[in-house]
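Undergrad: Here it is: the structure, laid out below.
2 protein chains.
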Amino acid sequence: MKTLIIISHPEIKESSSQQYLLHSIPSDHEITIRHLEEQYSNKPIDVSEEQKILAAHDRIIFQFPLYWYSSPALLKQWQDEVLTDDFAYGKKGNQLKDKEFALVLLVGAAKTDYQAGGKELYSIDELTKPFQAMAHKTGMIFLKTFSIHQFVYMTEEEKMTLLIDYQLFLTNDADPSFLSREKWVLNQLEKTDLSSLGIGSEEKLQHVVEMIEENRETMDDLKLLLDDMN
Amino acid sequence: MKTLIIISHPEIKESSSQQYLLHSIPSDHEITIRHLEEQYSNKPIDVSEEQKILAAHDRIIFQFPLYWYSSPALLKQWQDEVLTDDFAYGKKGNQLKDKEFALVLLVGAAKTDYQAGGKELYSIDELTKPFQAMAHKTGMIFLKTFSIHQFVYMTEEEKMTLLIDYQLFLTNDADPSFLSREKWVLNQLEKTDLSSLGIGSEEKLQHVVEMIEENRETMDDLKLLLDDMN
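Which chain is which? The protein sequence lines are A and B, in order. For our numbering, add 12 to where a residue sits in the first sequence, where the first one is 1. For our numbering, add 12 to where a residue sits in the second sequence, where the first one is 1.
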């Protein structure tokens, strides 16, 4: 499966969360990264080039920091210019049909702020309806949103879990079973470049692997028990 | 009451609906119009100037064509740069508090497309949650959205009604009573420059005035009857 990550962030080099995600992207999968501000800071968007790239991928991801409950301006401009009605919708526009679409959001406020009675009033799923409507209009399958809240306050352990979840999100089934998820994680962790992720990561990783293997033993025991009962 | 209309439209001169609305704006009220693309097509947004203008008005209106279920890119950029946390929200940012906020949307598809089972899937109120959340965060009062669907297919009579509703929306109470609305309409119609609105408008207008006056007589009769019954 070919995954395209379209990143919009006006100051990506200053963003520790974006840098962390960039370093987490596995290199052995077919993943294309496009950072719009790097590509188009001072020149017009190359519409036919962008459409060609879109058409060549199976899963399209918009990754951006949530600014005023939506994307940075350049991603909006990209939508308005690239998703034309002979390409993305309308009678002749079916180039995105049946592809998967997802959002990866970096959010400054806590998850609990995004609810009725919370500081931000609405849930992330309510606020991203314009993107859901876009997926609907273009015939794409909208996957669950991957929201990362308050990255700067995360512990090393939470960041490690984030890394695993993010890699899984990029490359695996939209809704993996527990078993396939476990297999994938063990497989994937071996290949991750840990040096870029900060000191102490290696020990944390070993801990995660041990935890998964322990879980596996418990699961196997349970399965034997169930087999006996039948 | 001072009203500020912030318009975002990349091709406003080619838009018959925007031109119609621009010509409909009454000149005898305190209404400021800012067209962002005209102001800032090739230069950076003047944040302190924009903040000064915002602070000097009581009702803020965003007027734009709905592109991919949201605003054109420049208005998004304006939001991200102008609505800073020392101005619009946060501990020291209370400059927008208690102002009224509203959206005027030009929409290409029919109103009935914007619902569950409809072509666009979600209602306008669902799709504009990011703006509602913005109003909430900045302490502004979110007024009912003024959506204009499929302007190009409107009859002259529908356009005339639109003109009245739009003027009322810009200058009157957020939720006017029938009586104040009637009084306002009669008062306002006398002052409208009809020559800019197209041939036949004057007859249509006369018709509207007569209708309102007839209604008034019926209402007065009903009131007499009610008084007799008490």
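Ideal Cβ positions, reconstructed from N, Cα and C, are used throughout, including at glycine.
Can you find the residues in the same chain that come closer than 7 Å, C-beta to C-beta, to B/F99, ignoring five residues on each side of it along the sequence?
TA: Here residue 99 of chain B is taken as the residue at index 87 of the second sequence, counted from 1. Closer than 7 Å at Cβ, skipping near neighbours: Q63, G105, Q107.
Undergrad: Is there a C-beta anywhere in chain B that falls below 8 Å from the one on A/E20?
TA: For the purposes of this step, residue 20 of chain A is taken as the residue at position 8 of the first sequence. Residue 20 of chain A is actually Ser in this sequence, not Glu. No, no contact with chain B.
Undergrad: Please name the residue in B/T96, B/K141, B/S28 whose C-alpha comes closest to that of B/L155.
TA: Within the second sequence, residue 155 of chain B is the residue found at index 143, counting from 1. Among B/T96, B/K141, B/S28, the Cα nearest to that of B/L155 belongs to B/K141.
Undergrad: When burial is assigned at 16 or more other CB atoms within 10 Å of the CB, is B/K103 buried or exposed?
TA: As a position in the second sequence, residue 103 of chain B is number 91, starting the count at 1. Answer is exposed; the Cβ neighbour count stays below 16.
Undergrad: With 9 Å as the limit, tell me which residues of the region 63-90 of chain B have their beta carbon closer than that to any beta carbon of chain A; keep them in chain order.
TA: Hits within the stretch, in order: Y79, W80, Y81, S82, S83, P84, A85, L86, L87, K88, Q89, W90.
Undergrad: Reducing DSSP to helix, strand and coil, say where B/H47 ends up.
TA: Reading the second sequence from its first residue, position 35 is the one you call residue 47 of chain B. Looking at B/H47 - three-state DSSP - the assignment turns out to be strand.
Undergrad: Name the two residues that bound the continuous beta strand (DSSP E) containing A/I18.
TA: Position 6 of the first sequence, counting from 1, holds the residue named residue 18 of chain A. Unbroken beta strand (DSSP E) run through A/I18: 15-19.
Undergrad: The alpha helix (DSSP H) with B/V164 in it runs from where to where?
TA: Taking the first residue of the second sequence as 1, we reach residue 164 of chain B at position 152. In this chain, B/V164 is not harboured by any alpha helix (DSSP H), its DSSP state being neither H nor E.
Undergrad: Alpha carbon to alpha carbon, what distance is there between B/E132 and B/E222?
TA: Within the second sequence, the letter at position 210 stands for residue 222 of chain B. Within the second sequence, the letter at position 120 stands for residue 132 of chain B. Cα to Cα, the separation comes out at about 39 Å.
Undergrad: Alpha carbon to alpha carbon, how far is B/D110 from B/L33? Give it in angstroms, no decimals.
TA: Residue mapping note: residue 33 of chain B aligns to position 21 of the second sequence, counting from 1. Residue mapping note: residue 110 of chain B aligns to position 98 of the second sequence, counting from 1. B/L33 and B/D110 have their C-alpha atoms spaced approximately 26 Å apart.
Undergrad: Helix, strand or coil: how does DSSP classify B/P142 here?
TA: As a position in the second sequence, residue 142 of chain B is number 130, starting the count at 1. Note: B/P142 maps to helix in three-state DSSP.
Undergrad: Using a threshold of 8 Å, state whether the C-beta atoms of B/D58 and B/M13 are closer than that.
TA: Here the question's residue 58 of chain B lines up with position 46 in the second sequence. Here the question's residue 13 of chain B lines up with position 1 in the second sequence. Not a contact, by the Cβ cut-off of 8 Å.
Undergrad: How about the region 36-52 of chain A and the region 18-26 of chain A: do they share at least three Cβ pairs that are nearer than 8 Å?
TA: yes
Undergrad: Counting along the chain, where does the beta strand (DSSP E) carrying B/A85 start and finish?
TA: Sequence index remark: in the second sequence, residue 85 of chain B carries index 73 (1-based). Counting along the chain, B/A85 falls outside any beta strand (DSSP E), though it belongs to the alpha helix (DSSP H) covering 85-94.
Undergrad: What in chain A is Cβ-close to B/M146, meaning under 9 Å?
TA: Counting from 1 along the second sequence, the entry for residue 146 of chain B is found at position 134. W80, Y81, listed in chain order.
Undergrad: For A/A128, count neighbouring Cβ atoms within 10 angstroms of its own Cβ and tell me buried if that reaches 16, exposed if not.
TA: Position 116 of the first sequence, counted from the start, is the residue given in the question as residue 128 of chain A. Exposed, since its Cβ has fewer than 16 Cβ neighbours within 10 Å.
Undergrad: Within 10 angstroms of the Cβ of B/S82, are there 16 or more other Cβ atoms? Answer buried if so, exposed if not.
TA: Here residue 82 of chain B is taken as the residue at index 70 of the second sequence, counted from 1. Under this definition B/S82 is a buried residue.
Undergrad: Would you give the residue range spanned by the beta strand (DSSP E) that A/I72 belongs to?
TA: Position 60 of the first sequence, counted from the first residue, corresponds to residue 72 of chain A. 71-77 is the span of the beta strand (DSSP E), which, as asked, contains A/I72.
Undergrad: What span of residues does the beta strand (DSSP E) with A/A1 cover, start to end?
TA: Residue coverage of chain A in this structure runs from 13 to 242, which leaves residue 1 of chain A outside it and unanswerable.
Undergrad: Exposed or buried, what is B/S36 when buried is set at 16 or more other beta-carbons lying within 10 Å of its beta-carbon?
TA: Residue numbering aside, residue 36 of chain B sits at position 24 when the second sequence is read from its first letter. Per the 10 Å Cβ criterion, buried.
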